[in-house]
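Participant: Before I ask anything, let me first share the structure, which is written out below as structure tokens.
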Amino acid sequence: MKTRIWAIVPAAGAGTRFGSDLPKQYHTLAGEEVILRTLRRLNAVTRISGIGVGVAVDDPAWPGIVPRLPDSVWSYEGGQNRSETVRNGLSELTRQGKEADWVLVHDSVRPCVEVADINRLIDEIDFRFPGGLLATPVSDTLKAATRQSEVTQTVSRGSLWRAQTPQLFPVALLQEGLNKAGAENLECTDDAQAVEYLGLHPRIVAGSSHNLKITSGSDLSLAGAILGLQERTPCSE
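Position one of the sequence shown corresponds to residue 2 (our numbering), numbered consecutively onward.
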């Protein structure tokens with residue numbers, strides 16, 4: 002039987018750091034909501050069988066998005082934080098009998114991800130255990146400092162990467178990792194960390210620096226510029 006890939010997009014956060022009552026995934030970017038642009042990018046990847054979006058129970062904006070969604074998108078009840086929302090999505094996939102499939106988790110506020118990068122992630126991982134993620138090498142000079150902002154040392158950047166999404170793992174494996182993290186109160190800043198808690202080593206696949214995560218208002222302008230550049234010089238899918 003052919004192994005299938007399902008996408009999970011956690012979008013239940015309130016986005017309080019964004020400085021707006023409206024969650025950042027619903028802000029307008031080049032004429033459309035950020036999340037809608039993100040979902041269109043995922044929908045363009047033909048090897049993704051369906052896309053589950055985790056939304057807050059009382060989300061007032063999501064119903065207005067639904068009529069414009071691709072047919073492959075469905076929604077489920079999110080949790081109190083990102084890890085819980087992803088875990089709920091995995092539980093839904095398991096309930097549907099998809100625990101033997103793979104899951105591609107992507108941030109709702111990364112609308113500039115390139116289809117070619119997602120396809121390369123899928124190709125390079127090639128369903129090899131334990132999975133992997135897109136990332137970019139660190140290029141800045143890194144400094145360690147005290148709480149008083151005094152430099153203590155320059156940190157070697159040779160082996161450091163900036164983790165991105167999508168991240169691609171077997172459904173059952175990621176579920177196991179997130180369950181372990183939840184039971185032991187371990188912090189998970191991304192899904193790969195949950196897999197690392199199992200003693201495993203996800204593979205890094207080099208991605209594009211254009212895969213911006215929108216975290217502040219100024220990021221919207223930058224994302225708009227990136228989208229404009231991508232439209233002028235489209236990448237092959």
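C-beta: ideal position from N, C-alpha, C; glycine also.
In this text the structure is predicted, and so the values were computed from the model without any measurement.
Go ahead and label residue 107 buried or exposed: buried means 16 or more other beta carbons lie within 10 angstroms of its beta carbon, across all protein chains shown.
Facilitator: The count along the sequence shown starts at 1 and reaches residue 107 at position 106. Buried.
Participant: State the start and end residues of the unbroken alpha helix (DSSP H) segment that holds residue 50.
Facilitator: Reading the sequence shown from its first residue, position 49 is the one you call residue 50. Residue 50 -> not in any alpha helix (DSSP H); beta strand (DSSP E) instead, spanning 49-56.
Participant: State the DSSP-derived secondary structure class of residue 225, mapped to helix, strand or coil.
Facilitator: Residue numbering aside, residue 225 sits at position 224 when the sequence shown is read from its first letter. In the structure shown, residue 225 sits in a helix (DSSP, three-state: H, G or I).
Participant: Whole angstroms is fine: what's the gap from residue 102's alpha carbon to residue 5's?
Facilitator: In the sequence shown, residue 102 corresponds to position 101, counting from 1. In the sequence shown, residue 5 corresponds to position 4, counting from 1. Approximately 5 Å between the Cα atoms of the pair.
Participant: DSSP three-state label for residue 168, please.
Facilitator: Residue numbering aside, residue 168 sits at position 167 when the sequence shown is read from its first letter. Strand, per DSSP.
Participant: Have a look at 187, 134, 173 and 218 and flag the residue whose alpha-carbon is nearest the alpha-carbon of residue 165.
Facilitator: Locating residue 165 in the sequence shown gives position 164, counting from the first residue. Looking at the Cα atoms, 134 is the closest of the given residues.
Participant: For a quick check, are the C-beta atoms of residue 114 and residue 171 less than 9 Å apart?
Facilitator: Within the sequence shown, the letter at position 113 stands for residue 114. Within the sequence shown, the letter at position 170 stands for residue 171. No, Cβ-Cβ distance for residue 114 and residue 171 is not below 9 Å.
Participant: Is residue 110 helix, strand or coil when you go by DSSP?
Facilitator: Residue numbering aside, residue 110 sits at position 109 when the sequence shown is read from its first letter. Coil, per DSSP.
Participant: Quick check: the stretch 135-147 against the stretch 67-87, are there 3 or more CB pairs under 8 Å?
Facilitator: Judged by Cβ distances under 8 Å, the stretch 135-147 makes no contact with the stretch 67-87, as fewer than three pairs qualify.
Participant: Can you tell me where the alpha helix (DSSP H) with residue 84 in it begins and where it stops?
Facilitator: Along the sequence shown, read from residue 1 onward, the residue named residue 84 stands at position 83. Run containing residue 84: 83-96, per the alpha helix (DSSP H) assignment.
Participant: With DSSP as the reference, label residue 25 as helix, strand or coil.
Facilitator: Counting from 1 along the sequence shown, the entry for residue 25 is found at position 24. Residue 25: helix per DSSP, three-state reduction.
Participant: DSSP puts residue 103 in a beta bridge; with which residues?
Facilitator: The sequence position of residue 103 within the sequence shown is 102, counting from 1. Looking at the DSSP assignment, residue 103 forms a beta bridge with 6 and 171.
Participant: Quick check on residue 195: does DSSP put it in helix, strand or coil?
Facilitator: As a first step, residue 195 must be located in the sequence shown, where it is residue number 194. In this structure, residue 195 counts as helix in the three-state DSSP scheme.
Participant: What residue does the beta strand (DSSP E) around residue 204 start on, and which one ends it?
Facilitator: One-based indexing of the sequence shown puts residue 204 at position 203. Note, residue 204: beta strand (DSSP E), 204-207.
Participant: Quick one: residues in its chain with C-beta nearer than 6 Å to the C-beta of residue 57, no 5 flanking neighbours on either side, listed in chain order?
Facilitator: As a working note, residue 57 is residue 56 in the sequence shown. If we look at residue 57 and ignore the five residues flanking it on each side, its Cβ neighbours are 13 and 79.
Participant: With a threshold of 6 Å on Cβ separation, who are the neighbours of residue 292 within its own chain once the five nearest residues in sequence on each side are excluded?
Facilitator: Outside the shown range of the chain, which is 2 to 238, sits residue 292, and nothing can be said about it.
Participant: Could you please give the first and the last residue of the uninterrupted alpha helix (DSSP H) stretch that includes residue 15?
Facilitator: Sequence index remark: in the sequence shown, residue 15 carries index 14 (1-based). Per DSSP, residue 15 belongs to no alpha helix (DSSP H) and is neither H nor E.
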